[in-house]
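Read in order, the letters of the first sequence correspond to residues 61 to 469 in our numbering. For every residue, glycine included, the Cβ atom is placed at its ideal position computed from N, Cα and C. Here is the structure we will look at.
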Amino acid sequence: MIQSLRGMNDILNQDYERYEYFLSTASTIAKRYGFHYIETPLLEETALFKRSVGESSDIVGKEMYQFTDKGENDVCLRPEGTAGVVRAFVQHKLDKKGGIHRFYYHGAMFRYERPQKGRLRQFHQFGVESFGVDSVYEDALMIMMVADILKTLGIGYRLKLNSLGDHHCMPAYREKLVSFIESCGDALCDDCIRRKSTNPIRVLDCKSESCQNLYVNAPKLIYNLCDGCQSDFDTLKSILDAHNIGYEIDTNLVRGLDYYSKTAFEFVSDAIGSQSAIAGGGRYDRLIEFLDGKPTPAVGFALGIERLMELIVMPEPIREGYYLGAMDSESLGDILKIAESLRKEQKAVVEYEAKTLKAHLKGADRINARYCAVIGENERLNGTVWVKDLAKKEESTFPLTHFTTKEDK
RNA sequence: GUGGAAUUAGCUCAGUUGGUUAGAGCACUGGUUUGUGGUGCCGGGGGUCACGGGUUCGAGCCCCGUAUUCCACCCCA
61 MIQSLRGMND ILNQDYERYE YFLSTASTIA KRYGFHYIET PLLEETALFK
111 RSVGESSDIV GKEMYQFTDK GENDVCLRPE GTAGVVRAFV QHKLDKKGGI
161 HRFYYHGAMF RYERPQKGRL RQFHQFGVES FGVDSVYEDA LMIMMVADIL
211 KTLGIGYRLK LNSLGDHHCM PAYREKLVSF IESCGDALCD DCIRRKSTNP
261 IRVLDCKSES CQNLYVNAPK LIYNLCDGCQ SDFDTLKSIL DAHNIGYEID
311 TNLVRGLDYY SKTAFEFVSD AIGSQSAIAG GGRYDRLIEF LDGKPTPAVG
361 FALGIERLME LIVMPEPIRE GYYLGAMDSE SLGDILKIAE SLRKEQKAVV
411 EYEAKTLKAH LKGADRINAR YCAVIGENER LNGTVWVKDL AKKEESTFPL
461 THFTTKEDK
């Protein structure tokens, strides 16, 4: 038997119902906030991710599905969604057009990681990107949108918040931090010694207890922000307070993609195991110019659909549509005609086998049909159809033409 | 990429120190005497015990390898 590749799953039946329910909920909300759908290719030039996500990140450094195609192009399957949307934004010259552009997207992302619960090699994200809005109110909008989606889906969460500073305060802070790290000497773990040169900010969320004990006294970026960043961060907090969105400041929250600046946030769930981040995002004002566009402020987030699917509280299933069956095979022709007519407006499922009434009712119940319509010997002789409303437990008999004449509509 | 655990029916799991035709619950299917479901009662189908080797008179059980899943690390959504 050939099976799917490691960490790559099929989505079917009830799983797909959840998937579809999530998508329609999230898309509806995104549209209400003024966002438009954008679809970008799954395959992009490798350079796009190297320049945006950053070569020092694990995503680009060791997790990309990268290969050379038949035209000798260095390409890879997208590991995240933002880079492609920014590429499209610049390629279609929307940066030069100016104004505000808001997009949402969803689809498969690929990372070559060791799979576990909540971590797949092919997984799905829903994300939004907003271009051209400098105001921190747009950062707040992002967080409110995620909160809105999660609340609608019945999902509990904790919101972690941090500010990563900008090109005014970050470089100075980085130097301060590096000299602090150097002062710790050999007491640090091997990972942190490596991070010191590649991406020093990352030492702050090191999982090692001994490192964390040392970092208690490390300089925190949050206390070293420049005036602009500080005032934006304060405004953001007051907006969230005004909208009753709870948050905790996490000075160690460092997003894994290099393009973030200023606002960074992460929604986590305690109910799905160690892969607990269900959504993350932040501001990335410099990324558009890194990708050869005109400098444009931008902010966005992405949600992990598979992780959310574990947590979604589905609405009660409702009975809908018709189940149709015959008690003797001679009536099947009429049954098919009724089904064809009904399907112009609603769901109609036909059982081809002649069965007892009891068996048909069981079948109708199993597929959660609202109505069970059956033609037996009596109905065939009278030219009628017997229909039972499975929810109201009421039954009635209609002439065949009651259904088939609807074709005139 | 590192370490650990698991894999028996469609699903969740039993299976004694290695010993005949591998079990249960749920699900599926049929019956329950005139044509009434979701919830009674009785029956039925369904397993190369993950895959490939090895040890043994004999392997679901012991050993080795492979695959997958899960847990921790790592990373992130």
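| Check | Outcome |
| --- | --- |
| Could you tell me which of Glu140, Lys256, Leu108 sits nearest to Asp134, measuring between CA atoms? | Leu108 |
| In the structure shown, what three-state DSSP assignment does Glu390 receive? | helix |
| Hey, Pro139 and Ile119: beta-carbon distance below 9 Å or not? | yes |
| Look at the alpha carbon of Gly131 and the alpha carbon of Glu105, and state the distance between them as a whole number of angstroms. | 12 Å |
| So His184 packs on His166, CB below 8 Å; how close in whole Å? | 7 Å |
| Can you tell me the Cα-Cα spacing of Glu116 and Arg255, whole angstroms? | For clarity, residue 116 is Ser in the given sequence; the question names Glu instead. The alpha-carbon atoms of Ser116 and Arg255 are separated by roughly 9 Å. |
| Pairs of beta-carbons, one from the segment 171-183 and one from the segment 277-284, closer than 8 Å: are there three or more? | no |
| If we require 4 or more residues per run, which alpha helix (DSSP H) segments fall completely within the segment 257-314? | 269-275, 287-302 |
| At which residue ranges does the segment 170-250 contain complete alpha helix (DSSP H) runs of 4 or more residues, listed in the order of the chain? | 196-212, 230-244 |
| Could you work out which residue in Ala331, Leu384, Gly393, Thr416 is closest to Lys407 when comparing CA atoms only? | Leu384 |
| With a threshold of 7 Å on Cβ separation, who are the neighbours of Thr85 within its own chain once the five nearest residues in sequence on each side are excluded? | Ile209, Thr212, Leu213 |
| For Pro260, which residues from the same chain have a beta carbon less than 7 Å from its beta carbon, with the 5 sequence-adjacent residues on both sides left out? | Arg234, Leu237, Val238, Ile241 |
| Rounded to whole angstroms, what is the Cα-Cα separation between Gly443 and Asp394? | 10 Å |
| Would you mind sorting Tyr79 into buried or exposed? The rule is 16 or more other CB atoms within 10 Å of its CB. | buried |
| Is Tyr382 helix, strand or coil when you go by DSSP? | strand |
| Out of Lys404, Gly353, Glu390, point me to the one whose CA is closest to Lys157's CA. | Gly353 |
| Which residue from Asp129, Leu396, Gly342 puts its Cα closest to that of Leu224? | Gly342 |
| What alpha helix (DSSP H) runs, 4 residues minimum, are completely inside the segment 348-432? | 365-369, 392-402, 417-426 |
| Tell me which residue opens and which closes the beta strand (DSSP E) that Phe458 is part of. | 454-459 |
| On the CB-based measure, 16 or more other CB atoms within 10 Å of its CB, does Asp14 come out buried or exposed? | This structure gives no information on residue 14, because the portion of the chain shown stretches from 61 to 469. |
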